[in-house]
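Remarks on the structure that follows.
There are 2 protein chains.
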Amino acid sequence: MIKYPTTKKRYQRPRIGKQNRGMALEKLIDASNQHYRESGRAVIHKKPTPVQIVNVDYPERARAKITEAYYRRPSTTDYNGIYKGRYIDFDVKETHHETSYALKNIHQHQIEHLRSVHRHGGIAFLLIRVAAEDAIFLLPFETLEKFLERAKTGRKSMTLEEIAANGYIVRETLAPRIDYLEAVDRYIKGQA
Amino acid sequence: MIKYPTTKKRYQRPRIGKQNRGMALEKLIDASNQHYRESGRAVIHKKPTPVQIVNVDYPERARAKITEAYYRRPSTTDYNGIYKGRYIDFDVKETHHETSYALKNIHQHQIEHLRSVHRHGGIAFLLIRVAAEDAIFLLPFETLEKFLERAKTGRKSMTLEEIAANGYIVRETLAPRIDYLEAVDRYIKGQA
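Order-wise, the sequence lines are chains A and B. Numbering of the first sequence is given in my numbering, commencing with residue 1412 and proceeding in unit increments. Numbering of the second sequence is given in my numbering, commencing with residue 1412 and proceeding in unit increments.
Printed below as a string of structure tokens:
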């Protein structure tokens, strides 16, 4: 159980409600992005899964059929777009571990991509679902960077307490399903 | 032959040089984007081609093999990223027509996507290669919008002269192969 940092105002930790439980985080985000786009709040899309196409059949009177292809490792994160005039970029992680999240689960190319985005003035972060807590956190890239720095000489993971203490909880609402941009707002406010 | 608008300073129209001729525009852009990323000028990537995966084999001791899949229509443009702290988004078109470019070649969902990006304050445009002229132009979304507006009651295409007069020529250099961000700079300057 995470010991949540006590703040002046006691904060009721939101949980993934019954209707969202079991729904893959990716689906929740896709539905939320659709809501954000339709309501004009942001334009954020998931990038397609990169596939290396080796062979394609062109049957008569039918559309092209790919008959041999392989998954490729993505060179960036899965989501990007524009929010409040700013470039936004993030990836999604999920952990079923009870106490910590191993940093090796974040691929080097994703770290480098988020670092570049951050340096160029974009909003860069991870959305991490902690299954044991039924909670989703936004972890800003600069926080992740501190843990990566520590990992060079010390601990190779972030404890769930550290994620909760340094991240921004993502609230569940009816529409959007998860309001991660509200967490982005709190994060940006802290930056300014 | 396009009659280029005469400006105070006589402008030598650049052409696609021999080393780039025949190289697909997409490859030129990919190479340029790599150069932009490596030199820290911008972080811009091409999105993967969207594919609907129907069947996957998991052979023992070998990586997953996709055995049935189909191309899907992209819901956005092909390129996006961050430049000078701003969100940038564009698609690439190529025409071999001698006198004009038909607007029906630009898919409705791409137009809507670029319009959303533009409204949210992003830099939205098309890169159009005019093969007959060996030239590439950056056409800002707001210019495209004017031609789309005209198409409602009149002409359903843009003449090559109109593209040249309203667009920004993209210069070819050694590195990057095509310096389209330099054209973006001129476009942004005109906006300010």
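Note that beta-carbon positions come from the ideal geometry of N, C-alpha and C, so glycine has one too. Model, not experiment: these values are computed from the prediction.
For His-1508(B), no CB of chain A lies under 8 Å from its own CB, so it is not counted at the interface with that chain. The Cβ atoms of Val-1528(B) and Asp-1545(B) do not sit closer than 8 Å to each other.
The residue from Gly-1601(A), Tyr-1598(A), Leu-1537(A) and His-1524(A) with its alpha-carbon nearest to that of Glu-1437(A) is Leu-1537(A).
Taking C-alpha positions only, Arg-1526(B) is separated from Ser-1443(B) by approximately 25 Å. Three or more Cβ pairs closer than 8 Å define a contact, and the stretch 1489-1504 of chain A meets that threshold against the stretch 1485-1502 of chain B. Chain-ordered, the chain A residues with CB closer than 7 Å to the CB of Asn-1491(B) read Asn-1491.
One alpha carbon belongs to Leu-1550(A), the other to His-1446(B), and they sit about 30 Å apart. If you look at Val-1528(B), you'll find it in the alpha helix (DSSP H) that goes 1519-1530. Contact between Tyr-1482(B) and Ala-1475(A) holds: their C-beta atoms lie close to 6 Å from each other, under 8 Å. In the three-state reduction of the DSSP assignment, Ser-1486(B) falls in the coil class, being assigned neither a helical nor a strand state. With the criterion set as a beta carbon lying under 9 Å from some beta carbon of chain B, the members of the stretch 1467-1488 of chain A are Val-1467, Arg-1474, Ala-1475, Lys-1476, Ile-1477, Thr-1478, Glu-1479, Ala-1480, Tyr-1481, Tyr-1482, Arg-1483, Pro-1485, Ser-1486 and Thr-1487, in sequence order. Using a Cβ distance threshold of 8 Å, Ile-1539(B) and Ile-1547(B) count as a contacting pair.
Remark: three or more beta-carbon pairs, one from each stretch, lie closer than 8 Å, so the stretch 1562-1570 of chain A and the stretch 1506-1519 of chain A are flagged as touching. Bounds of any alpha helix (DSSP H) do not take in Tyr-1512(A); it lies within the beta strand (DSSP E) bounded by 1511-1513. Scanning the stretch 1523-1602 of chain A for uninterrupted beta strand (DSSP E) segments of 3 residues or longer gives 1534-1541, 1546-1551 and 1568-1570, listed from N- to C-terminal end.
By the beta-carbon neighbour count (other beta carbons within 10 angstroms, threshold 16), Val-1465(B) is exposed. Non-local C-beta neighbours of Phe-1558(B) in its own chain, meaning closer than 6 Å and more than five positions away in sequence, comprise Met-1569, ordered along the chain. Looking only at Glu-1553(B), Asp-1441(B) and Ser-1450(B), the smallest Cα-Cα distance to His-1456(B) is reached by Asp-1441(B). Taking Ala-1562(A) as the centre and dropping the five residues before and after it, the same chain places the C-beta of Leu-1514 closer than 6 Å to its C-beta, in chain order. The three-state secondary structure of Ala-1473(B), taken from DSSP, is coil. Among the CB atoms of chain B, one or more fall inside 8 Å of the CB of Tyr-1498(A).
Interface flag for Val-1581(A) against chain B is unset, since no Cβ pair is found closer than 8 Å.
Val-1454(B) belongs to the set of residues whose beta carbon lies under 8 Å from a beta carbon in chain A.
Counting C-beta atoms within 10 angstroms of its own C-beta, His-1507(A) has fewer than 16 neighbours from the protein chains shown and is therefore classed as exposed. Short of 7 Å from the beta carbon of Arg-1448(A), and not among the five residues preceding or following it, lie these beta carbons of its own chain, in chain order: Val-1454.
Look at Val-1528(A): its C-beta is under 8 Å from a C-beta on chain B.
Secondary structure of Arg-1452(A) (DSSP, three-state): coil. Following the DSSP letters along the chain, one finds Lys-1504(B) inside the beta strand (DSSP E) bounded by residues 1497-1506. What Pro-1461(B) touches in chain A, judged by beta-carbon distance under 8 Å, is Pro-1459, going in chain order.
Under the three-state reduction of DSSP, Ala-1435(A) is assigned to coil, being neither helix nor strand.
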